[in-house]
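Residue numbers (my numbering): 55 to 236. Written out below as C-alpha coordinates is the structure these notes cover.
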(Lines of atoms letter the chains of each structure in order from A; the text may use other names.)
(Lines give C-alpha, C1' and ligand atoms only; values in the text may rest on other atoms or scores of the structure.)
Protein backbone atom coordinates (compact mmCIF):
# COMPACT_ATOMS: atom_id res chain seq x y z
CA UNK A 55 0.00 0.00 0.00
CA UNK A 56 1.28 3.44 -0.88
CA UNK A 57 0.97 5.94 1.92
CA UNK A 58 -0.13 9.27 0.47
CA UNK A 59 -2.00 10.95 3.30
CA UNK A 60 -0.91 10.81 6.92
CA UNK A 61 -2.21 12.30 10.14
CA UNK A 62 0.26 12.62 13.00
CA UNK A 63 -1.30 13.30 16.39
CA UNK A 64 0.30 13.87 19.76
CA UNK A 65 0.42 16.09 22.78
CA UNK A 66 2.45 19.26 23.15
CA UNK A 67 6.18 18.53 22.69
CA UNK A 68 5.45 14.87 21.91
CA UNK A 69 7.75 14.82 18.86
CA UNK A 70 4.98 14.91 16.26
CA UNK A 71 6.43 17.77 14.21
CA UNK A 72 9.90 16.22 14.22
CA UNK A 73 8.40 12.91 13.08
CA UNK A 74 6.44 14.67 10.32
CA UNK A 75 9.62 16.39 9.11
CA UNK A 76 11.50 13.08 9.12
CA UNK A 77 8.73 11.41 7.08
CA UNK A 78 8.67 14.34 4.64
CA UNK A 79 12.44 14.06 4.14
CA UNK A 80 12.10 10.33 3.50
CA UNK A 81 9.77 10.92 0.54
CA UNK A 82 12.65 12.31 -1.58
CA UNK A 83 10.13 14.74 -3.05
CA UNK A 84 10.14 18.52 -2.92
CA UNK A 85 8.46 19.58 0.31
CA UNK A 86 6.18 22.54 0.87
CA UNK A 87 5.70 23.32 4.53
CA UNK A 88 2.32 24.87 5.25
CA UNK A 89 2.37 26.74 8.55
CA UNK A 90 -0.91 27.67 10.20
CA UNK A 91 0.55 29.33 13.32
CA UNK A 92 0.56 33.03 13.80
CA UNK A 93 1.67 35.21 16.65
CA UNK A 94 -0.93 37.77 17.51
CA UNK A 95 0.51 41.26 17.07
CA UNK A 96 -2.18 42.77 19.27
CA UNK A 97 -1.08 40.80 22.34
CA UNK A 98 2.24 40.10 23.98
CA UNK A 99 2.87 36.76 22.31
CA UNK A 100 6.65 36.45 22.49
CA UNK A 101 6.37 32.79 23.49
CA UNK A 102 4.49 31.95 20.26
CA UNK A 103 6.99 33.94 18.20
CA UNK A 104 9.77 31.90 19.84
CA UNK A 105 7.96 28.64 19.00
CA UNK A 106 7.55 29.74 15.38
CA UNK A 107 11.25 30.67 15.14
CA UNK A 108 12.24 27.30 16.61
CA UNK A 109 10.13 25.45 14.01
CA UNK A 110 11.57 27.60 11.22
CA UNK A 111 15.14 26.88 12.33
CA UNK A 112 14.55 23.11 12.38
CA UNK A 113 13.31 22.90 8.76
CA UNK A 114 15.58 22.33 5.76
CA UNK A 115 16.22 25.60 3.93
CA UNK A 116 15.28 24.09 0.54
CA UNK A 117 11.68 23.50 1.64
CA UNK A 118 9.12 25.93 0.29
CA UNK A 119 7.01 27.70 2.91
CA UNK A 120 3.41 28.86 2.79
CA UNK A 121 1.96 30.60 5.83
CA UNK A 122 -1.82 30.24 5.79
CA UNK A 123 -3.82 30.53 9.01
CA UNK A 124 -7.34 30.14 7.53
CA UNK A 125 -7.66 28.98 3.89
CA UNK A 126 -6.05 25.56 4.23
CA UNK A 127 -8.36 23.83 1.73
CA UNK A 128 -7.41 26.34 -0.97
CA UNK A 129 -3.69 25.80 -0.33
CA UNK A 130 -4.14 22.03 -0.67
CA UNK A 131 -6.12 22.57 -3.87
CA UNK A 132 -3.41 24.72 -5.47
CA UNK A 133 -0.29 23.02 -4.09
CA UNK A 134 -0.98 19.26 -3.94
CA UNK A 135 0.69 17.50 -6.88
CA UNK A 136 1.69 13.88 -7.43
CA UNK A 137 5.41 14.75 -7.37
CA UNK A 138 5.16 16.93 -4.25
CA UNK A 139 4.97 16.47 -0.47
CA UNK A 140 2.92 18.89 1.61
CA UNK A 141 3.55 19.06 5.34
CA UNK A 142 0.78 20.89 7.19
CA UNK A 143 1.59 21.94 10.75
CA UNK A 144 -0.78 22.21 12.49
CA UNK A 145 -4.51 21.53 12.34
CA UNK A 146 -5.20 22.58 15.93
CA UNK A 147 -3.71 26.04 15.36
CA UNK A 148 -5.78 26.27 12.17
CA UNK A 149 -8.87 25.34 14.21
CA UNK A 150 -7.98 28.03 16.77
CA UNK A 151 -7.64 30.62 14.01
CA UNK A 152 -11.05 29.68 12.59
CA UNK A 153 -12.81 29.76 15.95
CA UNK A 154 -11.21 33.07 16.91
CA UNK A 155 -12.42 34.61 13.64
CA UNK A 156 -15.90 34.32 15.21
CA UNK A 157 -17.57 33.76 11.83
CA UNK A 158 -19.70 30.60 11.77
CA UNK A 159 -20.17 30.66 7.98
CA UNK A 160 -16.41 30.99 7.40
CA UNK A 161 -15.80 28.19 9.91
CA UNK A 162 -18.16 25.72 8.19
CA UNK A 163 -16.98 26.66 4.68
CA UNK A 164 -13.30 26.22 5.53
CA UNK A 165 -13.76 22.91 7.36
CA UNK A 166 -15.84 21.53 4.47
CA UNK A 167 -13.33 22.85 1.93
CA UNK A 168 -10.48 21.14 3.79
CA UNK A 169 -12.25 17.75 3.65
CA UNK A 170 -13.14 18.16 -0.03
CA UNK A 171 -9.63 19.13 -1.10
CA UNK A 172 -7.89 16.59 1.14
CA UNK A 173 -9.94 13.76 -0.35
CA UNK A 174 -9.23 14.92 -3.92
CA UNK A 175 -5.56 15.79 -3.40
CA UNK A 176 -2.74 14.13 -5.30
CA UNK A 177 0.73 13.62 -3.90
CA UNK A 178 1.85 13.08 -0.35
CA UNK A 179 0.27 15.06 2.46
CA UNK A 180 1.36 14.94 6.09
CA UNK A 181 -0.93 16.64 8.59
CA UNK A 182 0.14 17.39 12.16
CA UNK A 183 -2.29 18.07 15.01
CA UNK A 184 -2.43 18.15 18.80
CA UNK A 185 -4.59 15.47 20.37
CA UNK A 186 -6.77 17.47 22.74
CA UNK A 187 -9.26 14.83 23.83
CA UNK A 188 -7.20 13.08 26.48
CA UNK A 189 -7.46 15.66 29.27
CA UNK A 190 -10.13 17.11 31.46
CA UNK A 191 -13.18 18.80 29.97
CA UNK A 192 -12.34 22.53 29.76
CA UNK A 193 -14.38 24.99 31.80
CA UNK A 194 -15.02 27.67 29.16
CA UNK A 195 -17.52 27.43 26.31
CA UNK A 196 -14.96 28.33 23.61
CA UNK A 197 -12.45 25.82 24.99
CA UNK A 198 -15.08 23.07 25.04
CA UNK A 199 -16.12 23.89 21.48
CA UNK A 200 -12.45 23.83 20.42
CA UNK A 201 -12.01 20.33 21.88
CA UNK A 202 -15.31 19.12 20.37
CA UNK A 203 -14.60 20.53 16.90
CA UNK A 204 -11.01 19.27 16.95
CA UNK A 205 -12.18 15.78 17.91
CA UNK A 206 -14.63 15.74 14.99
CA UNK A 207 -11.92 17.12 12.70
CA UNK A 208 -9.47 14.39 13.71
CA UNK A 209 -12.04 11.64 13.14
CA UNK A 210 -12.88 12.95 9.67
CA UNK A 211 -9.27 13.48 8.64
CA UNK A 212 -8.32 10.03 10.00
CA UNK A 213 -10.96 8.42 7.77
CA UNK A 214 -9.39 10.10 4.72
CA UNK A 215 -5.77 9.30 5.64
CA UNK A 216 -3.89 6.13 4.73
CA UNK A 217 -1.91 6.22 7.97
CA UNK A 218 -2.64 7.72 11.38
CA UNK A 219 0.08 7.95 14.02
CA UNK A 220 -0.11 8.91 17.68
CA UNK A 221 3.23 10.22 18.92
CA UNK A 222 3.99 9.78 22.60
CA UNK A 223 7.35 10.77 24.13
CA UNK A 224 8.84 10.88 20.63
CA UNK A 225 7.69 7.35 19.86
CA UNK A 226 5.30 6.82 16.94
CA UNK A 227 2.39 4.49 17.59
CA UNK A 228 0.67 3.56 14.32
CA UNK A 229 -3.11 3.55 14.75
CA UNK A 230 -4.02 2.98 11.10
CA UNK A 231 -1.99 1.85 8.11
CA UNK A 232 1.50 0.50 7.58
CA UNK A 233 4.15 0.45 10.25
CA UNK A 234 6.78 3.19 10.07
CA UNK A 235 10.18 2.03 8.83
CA UNK A 236 13.13 4.23 9.84
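Think of the CB as a built atom: it goes at the ideal place given N, C-alpha and C, for glycine as much as any other residue. Predicted, not measured: the structure shown is a model, and the values here were computed from it.
With distances taken Cα to Cα, identify the nearest neighbour of residue i among the options.
i           : options            : result
residue 139 : 153, 145, 130      : 130
residue 90  : 196, 80, 224, 142  : 142
residue 217 : 199, 194, 197, 181 : 181
residue 69  : 209, 226, 234, 235 : 226
residue 207 : 104, 135, 175, 148 : 148
residue 76  : 59, 104, 113, 67   : 113
residue 209 : 224, 190, 192, 229 : 229
Using 9 angstroms as the threshold, is the C-beta distance between residue i and residue j below it?
i           : j           : result
residue 184 : residue 154 : no
residue 221 : residue 63  : yes
residue 219 : residue 126 : no
residue 57  : residue 232 : yes
residue 179 : residue 212 : no
Looking only at its chain, what residues have a beta carbon closer than 6 angstroms to the beta carbon of residue i, apart from the 5 residues adjacent to it on each side?
i           : result
residue 92  : 123
residue 119 : 87
residue 111 : none
residue 167 : 127
residue 151 : 123, 124
To the nearest angstrom, report how far apart residue i and residue j are at their CA atoms.
i           : j           : result
residue 194 : residue 201 : 11 angstroms
residue 84  : residue 117 : 7 angstroms
residue 100 : residue 107 : 10 angstroms
residue 188 : residue 161 : 24 angstroms
residue 136 : residue 71  : 22 angstroms
residue 132 : residue 199 : 30 angstroms
residue 165 : residue 61  : 16 angstroms
residue 205 : residue 163 : 18 angstroms
Between residue i and the rest of its own chain, which residues show a CB-CB distance below 8 angstroms, the 5 nearest in sequence each way excluded?
i           : result
residue 173 : 214
Leaving out five residues on either side along the sequence, give the residues of the same chain with a beta carbon under 7 angstroms from the beta carbon of residue i.
i           : result
residue 196 : 153
residue 65  : 184, 185
residue 121 : 89
Check your understanding: Where are the alpha helix (DSSP H) runs, 4 residues long or more, that stay fully inside the region 62-103, in chain order?
Key -> 70-80
Counting only runs of 3+ residues fully inside the region 158-195, write out the beta strand (DSSP E) ranges in chain order.
178-184
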